[in-house]
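Residue 310 in my numbering is what sits at position 325 of the sequence shown, and the numbering runs on without skipping anything. Beneath this line is the structure, given in structure tokens, with notes to follow.
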Amino acid sequence: MNFFKLFYLLSIFASALCAGFHIPCFAGESEAISKNDRLIASTIDGICNGKLDRKDIQKLKEITHSKDKELKANATLAECLCFLEFSEEPSLAIASAIAGVLDDGDCKRIQEYLKQAKEKKTPLDGKGKEILSQICKPGKWGKDNIPLFAASLFALSQLSLQVEAARAMDDLLRNSMGFDNIVSLYFAGDMKMFSSDYESAFSFYDLALRRIKYNPSIHKDTQADLRDGFKEAFARLIEHKRDEAKNLFDTQKLGFGYLLFKEAETARRVKSDFLTAFLVYDELLASPGNGLEPRPAKTAFGEAAKAYKIKCFLSLSRDNAAKDARTSLANLENNLETLKLLLKTTKKSGAGKGIQEKIESEIEKISARLMEAKKVPFGDEAAKQAIAELNQLISNQRPSPYKGELLLDLGDHLLERDLNIEEAAQRFQESSSFFDDAISWEAASDLLKMLPDALMESTPPITERQQDMWGNILSNEISPGQLFNQRTCSWYLSHFKKEVSLRMGFVSFFKGDFPAARNAWNELAKLDPFLNETEKMGFGSVRERLIWNIDHNNGCLYATPAEMKAFKDPKIRLAVMLADLAFENEDRKTAVKRYDELLSGNFCKLSKDELAYILFAKGVSLAWIKGSDAALKHLEENYVFIKGSPSEPRALLAMAGRSKALGTADAIAKSLQYCETLSRKFPSTEEGLDALFFAATTYRKLGQLYRSRKLFTEYISKKKNGGYVDFAKKYLSELESKDKDKS
-14 MNFFKLFYLL SIFASALCAG FHIPCFAGES EAISKNDRLI ASTIDGICNG KLDRKDIQKL
46 KEITHSKDKE LKANATLAEC LCFLEFSEEP SLAIASAIAG VLDDGDCKRI QEYLKQAKEK
106 KTPLDGKGKE ILSQICKPGK WGKDNIPLFA ASLFALSQLS LQVEAARAMD DLLRNSMGFD
166 NIVSLYFAGD MKMFSSDYES AFSFYDLALR RIKYNPSIHK DTQADLRDGF KEAFARLIEH
226 KRDEAKNLFD TQKLGFGYLL FKEAETARRV KSDFLTAFLV YDELLASPGN GLEPRPAKTA
286 FGEAAKAYKI KCFLSLSRDN AAKDARTSLA NLENNLETLK LLLKTTKKSG AGKGIQEKIE
346 SEIEKISARL MEAKKVPFGD EAAKQAIAEL NQLISNQRPS PYKGELLLDL GDHLLERDLN
406 IEEAAQRFQE SSSFFDDAIS WEAASDLLKM LPDALMESTP PITERQQDMW GNILSNEISP
466 GQLFNQRTCS WYLSHFKKEV SLRMGFVSFF KGDFPAARNA WNELAKLDPF LNETEKMGFG
526 SVRERLIWNI DHNNGCLYAT PAEMKAFKDP KIRLAVMLAD LAFENEDRKT AVKRYDELLS
586 GNFCKLSKDE LAYILFAKGV SLAWIKGSDA ALKHLEENYV FIKGSPSEPR ALLAMAGRSK
646 ALGTADAIAK SLQYCETLSR KFPSTEEGLD ALFFAATTYR KLGQLYRSRK LFTEYISKKK
706 NGGYVDFAKK YLSELESKDK DKS
């Protein structure tokens, strides 16, 4: 036990015996130990990020002569990690570190032998192997030196002693405990990485991390052990190595094409980072592959990348996406300058060649990506490029399986960005014709050539929707990396036929051709049997909502006629109805995105009533994405803009519902206040009447039966029929029965 730990325990013991009596600590020694521990921890972190200074490594060497055994062991382990990561001769460096710590003749002989071998540049002979094999014997190592033993085994495995080192490491893993075992697992992972067994390396690193997480002696909540900083830094290093092993294993298992495709799809579909996605698709198409699979451009991943690049161009033509792309471009330039400065500092500090090479490699990679990024057009130029590449793609003798999907995207672009409903309708019709022909594409044989695991990972779900054990109907999402086209998926055609029907119905609806809109939207149920199931269960469906708007909403979608009356400009009216269409189609993320575009002022300056509706509709959409709390906060913050507009009654009802959903006493009280305001200010509106029923059910749940009965009675007398009248009569009858039972 080192002096500091002993002193710490004595201090606690003395405090227990003499309450209020304080024994002063030696602050100088404590601060020195803390400083050294921080240096060790920062050095370990430097291995992960390449920010190592030769001066720091020299300071570590000085700490290895400390009288504090644990500090000495940690510093020596950190020094060994630096040597192994960045030294050109890790075996020689590790032998030097070991010889410096252990007063052992064999270690010194090993050091001298390796020096001679290096100078002569000759392979190890029998005598050399015999001398080196002595270090693989566990009996020569005391418990305090197990981490060094593990490090030396890895170093020696890089020479001619793989079998002996592996055998000794196996013995060490079985017999070491606590932190020693974790260190041994780390170096066992390194040994597997050296032999390109990435799956086993990942397993060793992962096990080491789990043992750190669940071992209370390693991961402490107290400050009793000043070495926690070192152990946490070591855990970060293990995590770094585990991720590296996972990437290499995935490349080996799934192929380079799949990994690039998944990276690009994640950027495009999850992060909406269209510039990065475009660059990775380009990298995929230019990549020579890794020898395990055909060139990625010749596979199904390359075929998809060519189509999805066009999607990126269409997205980059939008103002918000172009703005984000320019920010990404600026970030790339800043990262490049930071790395160049780091390389300059690293060279000046005399850091190892390995560190410099890592930074130079990263600079080369970012420079190449930045050069390509500067060629990518934004705005109108991106739109022109998308149309040009789309025309080229669909004119090929063998049509792309993504032709119909891309025509649909182009129609959306014309409708949403240009607000050109006539040209959009033409593209939707072309897309519909393509899908109706149900072309059976014949793939070139190499298009489906990929590693078996990649084929499994890239296969989409079998069905578009599924029903869970409670009867809820859930959509099966396409995950990044999955290939979604007619060739790979049985429901691809029906899915996009629905999307086309939805848009063609909207075009007819907007033009006032309601019979044509009804026919198009009724196709949704034929193409998606699950819609019929939701309608039978009384949950409603997209089709039902759209048809209801034809019959009852006078040419509007989510907005009421009174709200839509504020939108005089036909183009703004079209943009609002597109956002409403996304809302009715349960695509609330797209709805919020479109409402935000209107709020940005890119179309025009909005009038008070126009602004009020868009703020209200966005708030309701947020409830489906971020929950009641976010929706309520948005509506309350913007109520000042909504107040006095046709949207105010619906906003008050929405705030009452979101408040009640939060469930706290304060939120429920606030909900009742909103209901009272609504029924008082708008007594004859649908929302005002709904507020009576809403408040009555809330009081019923709170046990305030007199108030509940009074409001149910008022609601029935005013509403008379329809709405929630049947429920109100049922609840009122139950309350009256309770009163009779009491009497």
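The C-beta atom is built at its ideal place from N, Cα and C for all residues, glycine as well.
Residue i and residue j look like a contact to me (Cβ under 8 angstroms); what is the Cβ gap, rounded to whole Å?
i    : j    : result
T682 : L657 : Rounded, the Cβ-Cβ distance is 11 angstroms, inconsistent with contact.
G240 : L269 : With 8 angstroms as the limit, G240 and L269 do not qualify as a contact, their Cβ atoms being about 11 angstroms apart.
L595 : A551 : Note that residue 595 is Glu in the sequence shown here, rather than Leu. That pair is a contact at about 5 angstroms.
A602 : R643 : Not a contact, Cβ separation roughly 14 angstroms.
Y700 : F667 : That pair is no contact at about 14 angstroms.
S486 : L516 : S486 to L516, Cβ: 12 angstroms. No contact.
S630 : A597 : 3 angstroms
S385 : A292 : 6 angstroms
G519 : W476 : It is worth fixing the name first, because residue 519 is Thr in this sequence and not Gly. Wrong, their Cβ atoms sit about 17 angstroms apart, outside the cutoff.
C33  : H225 : 4 angstroms
F246 : A306 : Actually they do not touch by this definition, with Cβ atoms about 21 angstroms apart.
Using a Cβ-Cβ cutoff of less than 7 angstroms, which residues in the same chain neighbour residue i once the five nearest sequence positions on both sides are dropped?
i    : result
S443 : Y243, G466, Q467 and L468
M562 : F495 and L542
F263 : K294, C297 and V361
D421 : none
H480 : E449
L600 : N623, F626 and I627
S722 : none
M178 : A186 and A230
Taking C-beta to C-beta, are residue i and residue j nearer than 8 angstroms?
i    : j    : result
I535 : F499 : yes
L301 : F363 : yes
A641 : I627 : no
A358 : F298 : no
F234 : D175 : no
S606 : R573 : yes
A230 : Y183 : yes
K717 : T698 : It should be noted that the sequence gives Leu, not Lys, for residue 717. A contact, by the Cβ cut-off of 8 angstroms.
A730 : L584 : The chain is shown from -14 up to 728; residue 730 falls before or after that span and cannot be answered.
L512 : K482 : yes
I29  : L66  : yes
L687 : L720 : no
G540 : G604 : no
E64  : K46  : yes
A186 : I223 : no
W506 : L478 : no
L328 : E345 : yes
L404 : A544 : no
R227 : Y266 : no
I need the straight-line Cα distance from residue i to residue j, nearest angstrom please.
i    : j    : result
G214 : R528 : 59 angstroms
S169 : L157 : 7 angstroms
D258 : L591 : 29 angstroms
Q172 : L321 : Sequence check: residue 172 is Phe here, not Gln. Distance between the alpha carbons of F172 and L321 is about 33 angstroms.
N316 : K553 : 41 angstroms
S693 : G586 : 45 angstroms
E407 : E401 : 12 angstroms
T284 : P273 : 12 angstroms
A680 : K593 : 30 angstroms
D614 : R152 : 59 angstroms
D309 : A271 : 25 angstroms
N59  : N21  : 10 angstroms
T49  : K57  : 5 angstroms
G163 : F219 : 14 angstroms
S430 : E342 : Confidence at S430 is low in this model, with a pLDDT of 46, below 50, so its placement is unreliable and the value that follows should be read with caution. So the two alpha carbons sit approximately 41 angstroms from each other.
Y709 : A410 : 40 angstroms
Using a Cβ-Cβ cut-off of 6 angstroms (strictly less than) and excluding sequence neighbours within five positions of residue i, which residues of its own chain qualify?
i    : result
F494 : A502
T261 : A252
D438 : K238 and L239
F712 : none
K369 : none
D155 : none
Can you list, in chain order, the residues of its chain with a C-beta nearer than 8 angstroms to that of residue i? Leave out the 5 residues immediately preceding and following it.
i    : result
T662 : L637
Q451 : I458, L459 and N461
Give a single yes or no on whether residue i has its beta carbon closer than 7 angstroms to a heavy atom of the ligand MG.
i    : result
M489 : Absence of the ligand MG is noted for the structure shown, with no ligands found whatsoever.
_Three CB pairs or more closer than 8 angstroms across the segment 340 to 352 and the segment 375 to 390_ = no
*Meets three-Cβ-pair contact criterion under 8 angstroms: the segment 592 to 611 and the segment 577 to 584*: yes
*Could you tell me whether the segment 620 to 638 touches the segment 557 to 577, where touching means 3 or more Cβ pairs closer than 8 angstroms?*
no
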